Structures are given as structure tokens and as C-alpha cells.
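*Asks:*
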Amino acid sequence: MKIIAVGWNYQSHNAEMAQKAIPQAPVVFTMPETALLKSGKPFFLPRFSNRIEYETELVFHISRLGKNIAPKFAHRYYDAVTVGIDFTARDLQAEARAQGNPWDLSKGFDYSAPIGEFLPLPDQPEKAGNIDFTLTLNGQRVQQGNSRDMIFSIDRIIAYVSQFYTLKIGDIIFTGTPAGVGPVQIGDHLEGYIGEKKVLDFFVK
Numbered sequence: 001m002k003i004i005a006v007g008w009n010y011q012s013h014n015a016e017m018a019q020k021a022i023p024q025a026p027v028v029f030t031m032p033e034t035a036l037l038k039s040g041k042p043f044f045l046p047r048f049s050n051r052i053e054y055e056t057e058l059v060f061h062i063s064r065l066g067k068n069i070a071p072k073f074a075h076r077y078y079d080a081v082t083v084g085i086d087f088t089a090r091d092l093q094a095e096a097r098a099q100g101n102p103w104d105l106s107k108g109f110d111y112s113a114p115i116g117e118f119l120p121l122p123d124q125p126e127k128a129g130n131i132d133f134t135l136t137l138n139g140q141r142v143q144q145g146n147s148r149d150m151i152f153s154i155d156r157i158i159a160y161v162s163q164f165y166t167l168k169i170g171d172i173i174f175t176g177t178p179a180g181v182g183p184v185q186i187g188d189h190l191e192g193y194i195g196e197k198k199v200l201d202f203f204v205k
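For reference, each letter of the sequence shown is one residue, going 1 to 205 in the UniProt record's numbering.
(1) Applying the criterion that 16 or more other CB atoms from any shown protein chain within 10 Å of the CB defines a buried residue, is F109 buried or exposed?
(2) For L58 and K205, I'd like the C-alpha separation in whole angstroms.
(3) Measuring straight from C-alpha to C-alpha, what distance separates G145 and G100?
(4) Whole angstroms is fine: what's the gap from residue 209's alpha carbon to D91's?
(5) Along the chain, where does the beta strand (DSSP E) containing R141 start, and where does it finish?
(6) Considering Cα atoms alone, identify which of F203, T136, T175, L137 is closest to D86.
(7) Tell me the DSSP secondary structure of I85 in three-state form.
(8) Could you give the residue range of the alpha helix (DSSP H) that holds I157?
(9) Who does T30 pair with in a DSSP beta bridge?
(10) Pick out whichever of F60, I131, A94, A96 has its Cα sitting closest to the Cα of I3.
(11) Locate the alpha helix (DSSP H) running through D91, then write down its first and last residues.
(12) Quick check on K168: does DSSP put it in helix, strand or coil?
(13) Could you pull the start and end residues of the beta strand (DSSP E) that D104 belongs to?
(14) If you compare alpha carbons, which of A113, A89, I69, R76 is closest to I83?
(15) Give the DSSP bridge partners of L36, in chain order.
(16) Need the endpoints of the beta strand (DSSP E) that G180 sits in, please.
(17) Between G182 and Y54, which are expected to be in contact by the criterion C-beta below 8 angstroms, what is the C-beta distance as a whole number of angstroms?
(18) Buried or exposed: which applies to A21, given that a residue is buried once 16 or more other Cβ atoms fall within 10 Å of its Cβ?
(19) Using CA coordinates, which residue listed in D132, G40, A98 is at the minimum distance from F202?
This is how it looks when you write it as C-alpha cells:
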């Protein structure tokens, strides 16, 4: 399976990170399968970074094999959604960006991509157009977003990435984070929700 992710997909987050340019196409990167962390398992802070930050995202499950998918048919290729965390080693990312180097290591390290329980989606074109999601940190809401605020919808992302990668059943797509990202420390408790339904729940150790 592949983990495909999209950066700079919410204007609110772009503003908080002083990213002024509006992307003209999805900013795509990939993470290895070893980045995946299933809900309920603890996340252990790595020793190679002094600042690990959470980025809460909607994550979609690919349900059909597809290549060069037209936007109008993209809704047929995913069947479920959950909340995931794109943990980022912000210090490593900043260093790599300053030097003009790829920042894969800051995003794709082991267990950097916790995901929650997938919820099924209806088989209809507008099924992903209005999905609320939130993250709480130690009981306090720190991020809130809605799929309608994405610069590139999941359908547009699927159409775009399928030009380059053949999508396979079981692949997952992280779709970007809204404003409110921040650091985690040992003992933190993270809980992710779609609407009022808790789908993600784990501790930092």
C-alpha cells in the first residue's frame, strides 16, 4: 500500500506558516508504509528531533484500482474516511527547506502517520464535500476543519495523482491540515473526531 499526502491544502494553515504562494496544483509527497501507526497505539517521540508537531488531516481510503482517473469519476475510487496525524519534525523540515533540499525525512519517519478508524462514505458524487473534523490535545480543541475548505478536493487530488501513480485498493491519501498545528510532548493525549464521532485516540510517550 502507498501513503500519499498533500501539503499546503488549507489557506488557514498556509497563512500561519507564512506560505504566501497559492499552489496551482496539489503539492504531493509520499511516505513509506512504515510511517503508518494504527489508532490506539502510542506514538514515541523520536530522538532525532527537538520539535515534533501534529498536523490533523482527513484521510481517504482507496477502494478501486485506477490510473488517469477523470475528476468526474474520482468519487468512485474511495469508500471511507478517517482522521490522521501527519507528524512533522519541524526542525528538520525547516533546515531542509532553508537548504533547498527534500524534506522527506521530516515527514516519513517511522510511525509518523497515525490513522484512526475508517468510516464508510455513501456512494454518491458529493460524499466528501462537507466533512467536519477536529483534534483535541489533552481535552482541549486545537484544530478544526472541513473538507469544503480544502484548496483541492479529494476528487481533484485523486485525478491529479493518478496521472503519476497507479492507485491500488488499500492506498490512503492524507489531504492537508487546517490552522492550529503545534508541538507534542511526552504524556500528551490526542483525540480525533469526524463530526461528533471519535475515530482516533492515542498517547505520546
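Every residue, glycine too, gets a C-beta built ideally from N, C-alpha and C.
On a predicted model such as this, the values are computed, not experimentally measured, just so you know.
*Replies:* Well, looking at it:
(1) Here residue 109 refers to the residue found at position 109 when the sequence shown is read from its first residue. Under this definition F109 is a buried residue.
(2) Mapped onto the sequence shown, residue 58 falls at position 58. Mapped onto the sequence shown, residue 205 falls at position 205. Cα to Cα, the separation comes out at about 24 angstroms.
(3) Within the sequence shown, residue 145 is the residue found at index 145, counting from 1. Within the sequence shown, residue 100 is the residue found at index 100, counting from 1. Taking the straight line joining both Cα atoms gives about 30 angstroms.
(4) Since the first residue shown for the chain is 1 and the last is 205, residue 209 is missing from the structure and cannot be characterised.
(5) Locating residue 141 in the sequence shown gives position 141, counting from the first residue. Looking at the DSSP string, the run of the beta strand (DSSP E) that includes R141 is 140-146.
(6) In the sequence shown, residue 86 corresponds to position 86, counting from 1. Taking only the C-alpha atoms, the option nearest D86 is T175.
(7) Counting from 1 along the sequence shown, the entry for residue 85 is found at position 85. Residue state, collapsed to three classes: strand.
(8) By one-based count along the sequence shown, residue 157 stands at place 157. Element bounds for I157: 154-161.
(9) Your numbering for residue 30 matches position 30 in the sequence shown. Per DSSP, I4.
(10) Numbered from its first residue, the sequence shown carries residue 3 at position 3. Residue F60 is the option with its Cα nearest to I3.
(11) Counting from one through the sequence shown, the residue named residue 91 turns up at place 91. First-last of the alpha helix (DSSP H) with D91: 90-98.
(12) Residue numbering aside, residue 168 sits at position 168 when the sequence shown is read from its first letter. Coil.
(13) Numbered from 1 along the sequence shown, position 104 holds the residue referred to as residue 104. From DSSP, D104 is part of no beta strand (DSSP E) but of the alpha helix (DSSP H) over 104-107.
(14) Here residue 83 refers to the residue found at position 83 when the sequence shown is read from its first residue. Strictly speaking, residue 83 in this sequence is Val, with Ile absent from that position. Measuring from the Cα of V83, the nearest candidate turns out to be A113.
(15) Residue mapping note: residue 36 aligns to position 36 of the sequence shown, counting from 1. DSSP lists A113 as partners of L36.
(16) As a working mapping, residue 180 is identified with position 180 in the sequence shown. Run containing G180: none; DSSP gives neither H nor E here.
(17) Position 182 of the sequence shown, counting from 1, holds the residue named residue 182. Position 54 of the sequence shown, counting from 1, holds the residue named residue 54. About 7 angstroms separates the two Cβ atoms, so the contact holds.
(18) Locating residue 21 in the sequence shown gives position 21, where the first residue counts as 1. Flag for A21 reads exposed.
(19) Locating residue 202 in the sequence shown gives position 202, where the first residue counts as 1. Measuring from the Cα of F202, the nearest candidate turns out to be G40.
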